[in-house]
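*Asks:* Residues in the sequence shown are numbered consecutively from 562, following the working numbering.
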Amino acid sequence: MALDLVIRGGTVVDGSGKKRFTADVGIADGRIVEVGRIKSVAARIIDADGLIVSPGFIDGHTHMDAQVAWDPLGTCSCWHGVTSVVMSNCGFALAPCKPEDRDWYARCLSAVEDIPTAAMAAGIDWTWETFPEYLATVERLPKAINYGMYIGHSALRMYVMGRRALSEKATEDDMIRMAAAVQEALRAGAMGFSSSRASTHVTPDDTPVASRIAEWEEIDRIIAAMAELDAGIFQIGPDIASGAAHRAFLARLRQVALAYKRPIMFGVLATKQGDDPTGWAYQTKYIDDTVAAGGRMFGQGTTRSINAIFSLKSYLPFDVLPAWRKVRDLPMDEQKRRLADPAVRRELVAAEERMKPRDNVFQGGGAATTDPRKPDYANLFAMNGVDWDDPTVEQLARARGQHPVEVMIDLSLANENQVYVQPLVNESPDDVLGILKHDRTLATFSDSGAHVAQEMGSSLQTHLLSYWVRKRGAFTLEQAVKKITHDNAKAWDLDDRGLVREGYRADLVLFEENGVRPCLPTVETDLPGGARRLVQKAEGIKATLVNGAVAFENGEATGAYFGHVLKGKLAS
């Protein structure tokens, strides 16, 4: 048979965890049709000699609901070999939404995810109201990668209850309507329902988002409606404000897992913040115990620390101080001139003493950048590489005989793209490794599309390959590829993705085993309206195929938009 494309002579790591092998891969009509030695004629041949050929990477925890409206590429995930994402996590979504509430939804996304409202206003042609209408809109949009989505609790609650959602318990009628809307969404193609109890998730008024107001009875009713259809995943952001709150959350979540038997996913997180924090080993044992009792449960993990990111071009820890604000409100060239002035520097260093003292209140990336405490300079790193071995600002200050603030000013003047990293969660590599090694923890928590100038987790996959495989040797390449392909495809019931096998969708990544790695993040002004965000690309990825089309070559988009909407089983 004539083929659309043959990938010739690559080393196939097929996603199953089995040993690699050399083979050609033949593609026709968006699917893999041959794996082996191929003699068939093909419209195009890609020479993959010396390259790894693996399934496309799958990221199940993203927030690209707004971005998909203006960014057909799926950045920054697409640059790291990701071919499929699941968005609308943690209850944050753009549907369902009444026309009169659009501004509020946009402001909530801006408050929680740092997506500027101006960017959303400029980039979104907001024509939908219901979840099925939003899904149909995403289907029509040009897409270089595949997108799945949940129906989000905060959006749903606002749609059904209006402003009561932000302060009141749901009535019986409210819960009936929410359950019906979730069933409607599942039939249309939603992959499930998402919610959040996380203390870091707040509205523009610094009050809890709608999902945090809901009582557990409301969640029970919604998950029961999912169980009635035997469909859908329940994803939820955990409350880790303190160890006691975390353990209470987990105990109640187990009741949901055992009562309704729907798959449940939540972030497995280690942190030093808060009172008596609950370690990752407690959480993974909890998952095992819940599964042993008859529940279905997965943890979601990162491949490195979750960080607040600072730079001269975005946020600095001192921006809230009046003396600093006078400088930071100026154009960049003028900022640099003022920062180089010895008198101004003395004033700025002195102002640091007036920052809020460090406390034990749990902060995520949003609060850490917009409501910062006086920095712990032993936990603030001047990023100069991607190998998790950067010096702390405290170490640099001691070596230079300078105040830490002066160190940061000097580094930023020497390189306006200098980035500083403050680990907030999963601070220790040993904790991250423990989480990743657990059989029921998925490597999938990038938050891509969110916290756009505050955090950067889109390099989750290339960091796994470069740091944990190549530098640390903690996983074989086969084990690591399985974690970010087949394991995730199986968890989300993506039955025809995640393996290099005949009959599977031709979502593939061709990369250099010894060259794949994330680049340093930079701050760019490429959002609609010129708003800023963090951007992180990768090296060593030669080609990414999505549904049989070459979407990216050597880090550049080809203009091929063959991405699909990934749908749950009731619609697919």
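Beta carbons: idealized from backbone N, C-alpha and C, even for Gly.
In chain order, which continuous runs of the beta strand (DSSP E) of length 3 or greater are located wholly inside the segment 577-650?
*Replies:* Complete beta strand (DSSP E) runs here, min 3: 582-589, 592-597, 603-608, 613-616, 618-620 and 643-648.
*Asks:* Let me know the beta strand (DSSP E) ranges lying completely inside the segment 733-761, each 3 residues or longer, listed in chain order.
*Replies:* Within the segment 733-761, the complete beta strand (DSSP E) runs of at least 3 residues are 753-757.
*Asks:* I'd like the list of long-range same chain contacts for Ala563, defined as Cβ closer than 6 Å, with 5 residues on each side in sequence excluded.
*Replies:* Cβ neighbours of Ala563 beyond the five flanking positions: Val602.
*Asks:* Could you pull out every residue in the same chain whose Cβ sits closer than 7 Å to the Cβ of Ile606, ignoring the five residues on either side in sequence?
*Replies:* Here the set comprises Val567 and Arg569.
*Asks:* How is the beta strand (DSSP E) around Met826 delimited, first residue to last?
*Replies:* Looking at the DSSP string, the run of the beta strand (DSSP E) that includes Met826 is Ile825 to Gly828.
*Asks:* For Thr1083, which residues from the same chain have a beta carbon less than 6 Å from its beta carbon, with the 5 sequence-adjacent residues on both sides left out?
*Replies:* Here the set comprises Asn978 and Val1096.
*Asks:* Ordered along the chain, which non-local residues of its own chain (more than five positions away) have a Cβ less than 7 Å from that of Glu1016?
*Replies:* Ile867, Asn868, Ala869, Ile870, Gly926 and Asp1008, listed in sequence order.
*Asks:* Taking the beta carbon of Arg724 as the centre, do at least 16 other beta carbons fall within 10 Å, making it buried, or is it exposed?
*Replies:* That one is exposed.
*Asks:* Could you work out which residue in Phe795, Ala1104, Ser872 and Arg823 is closest to His641 when comparing CA atoms only?
*Replies:* Closest option to His641, Cα to Cα, is Ala1104.
*Asks:* Using DSSP bridges, identify the partner residues of Arg898.
*Replies:* Looking at the DSSP assignment, Arg898 forms no beta bridge with any residue, so it has no partner.
*Asks:* Using beta-carbon positions only, say whether Met681 and Ala627 come within less than 7 Å of one another.
*Replies:* For Met681 and Ala627, yes; Cβs fall inside 7 Å.
*Asks:* Is the beta carbon of Ala1121 less than 7 Å from the beta carbon of Ala1110?
*Replies:* The answer is yes: Cβ separation under 7 Å.
*Asks:* In this structure, what does DSSP give as the bridge partners for Asn868?
*Replies:* Asn868 pairs with Pro984.
*Asks:* I'd like the ranges of any alpha helix (DSSP H) spanning at least 4 consecutive residues and lying wholly in the segment 916-985.
*Replies:* Listed in chain order, they are 926-931, 954-961 and 965-975.
*Asks:* Taking 7 Å as the threshold (C-beta atoms), are Ala740 and Ile797 in contact?
*Replies:* Taking 7 Å as the Cβ cut-off, Ile797 and Ala740 do not qualify as a contacting pair.
*Asks:* Residues in the same chain with beta-carbon distance under 8 Å from Gly860, minus the five sequence neighbours each way, listed in chain order, please.
*Replies:* Same-chain partners within the cutoff: Met826, Phe827, Gly828, Val829, Gln844, Thr845, Ile848, Ile996, His999, Arg1001, Thr1002 and Leu1003.
*Asks:* Just to confirm the assignment, what range does the alpha helix (DSSP H) spanning Thr1002 have?
*Replies:* Here Thr1002 belongs to no alpha helix (DSSP H); instead the beta strand (DSSP E) covers Thr1002 to Ala1004.
*Asks:* Return the first residue and the last residue of the alpha helix (DSSP H) that Leu702 is part of.
*Replies:* Segment: none, Leu702 is in no alpha helix (DSSP H) and carries neither H nor E.
*Asks:* Report yes if the C-beta distance between Ala788 and Arg823 is below 7 Å; otherwise report no.
*Replies:* Yes.
*Asks:* What's the C-alpha gap between Leu696 and Ala746?
*Replies:* The straight-line gap from Cα to Cα measures roughly 9 Å.
*Asks:* Mind checking whether Thr1134 and Gly1010 have CB atoms under 7 Å apart?
*Replies:* The requested residue 1134 does not occur in the structure, where the chain is confined to residues 562 to 1133.
*Asks:* Excluding the 5 residues flanking Asp1048 on each side, which residues of the same chain have their C-beta closer than 7 Å to its C-beta?
*Replies:* Around Asp1048: Leu1003.
*Asks:* For Arg889, collect the residues of the same chain with a Cβ closer than 6 Å to its Cβ; drop the 5 residues on either side in sequence, then sort them by chain order.
*Replies:* The residues are Asp880.
*Asks:* What are the partner residues of Arg1078, as DSSP defines its beta bridges?
*Replies:* DSSP, once it has assigned bridges, lists Glu1100 as partnering Arg1078.
*Asks:* In whole angstroms, what separates the C-alpha of Ser756 from that of Thr930?
*Replies:* Cα to Cα, Ser756 sits roughly 24 Å from Thr930.
*Asks:* Is DSSP giving Asp1008 helix, strand or coil here?
*Replies:* Three-state result, Asp1008: strand.
*Asks:* What is the residue span of the beta strand (DSSP E) that Tyr708 lies within?
*Replies:* Segment Asn707 to Met710, the beta strand (DSSP E) holding Tyr708.
*Asks:* Met858 lies in the beta strand (DSSP E); which residues open and close that run?
*Replies:* Run containing Met858: Met858 to Gly862, per the beta strand (DSSP E) assignment.
*Asks:* Is it a yes or a no for the segment 1049-1062 touching the segment 1076-1092, going by three-plus beta-carbon pairs under 8 Å?
*Replies:* No: the two stretches stay apart, fewer than three of their Cβ pairs being nearer than 8 Å.
*Asks:* Give the secondary structure of Asp543 by DSSP, where H, G and I count as helix, E and B as strand, and everything else as coil.
*Replies:* Beyond the ends of the chain as shown, which are 562 and 1133, falls residue 543; an answer cannot be given.
*Asks:* To the nearest angstrom, how far is the alpha carbon of Asp1068 from that of Leu612?
*Replies:* Each residue's Cα considered, the two are about 16 Å apart.
*Asks:* Ala731: which of Glu700, Ala742 and Glu776 sits nearest, CA to CA?
*Replies:* Nearest of Glu700, Ala742 and Glu776 to Ala731, Cα basis: Glu776.
*Asks:* For the 8 Å Cβ check, are there 3 or more pairs between the segment 918-925 and the segment 891-901?
*Replies:* They do not touch, by the three-pair rule.
*Asks:* Look at the alpha carbon of Ser1027 and the alpha carbon of Lys1043, and state the distance between them as a whole number of angstroms.
*Replies:* Between Ser1027 and Lys1043, the C-alpha separation is close to 15 Å.
*Asks:* I need the boundaries of the alpha helix (DSSP H) containing Ile780, first residue and last residue.
*Replies:* That run of the alpha helix (DSSP H) goes Trp777 to Leu790.
*Asks:* Since Thr832 and Ile801 should fall inside the 8 Å C-beta cutoff, what is the C-beta to C-beta distance between them, to a whole number of angstroms?
*Replies:* The pair is a contact, with the Cβ atoms about 6 Å apart (cut-off 8 Å).
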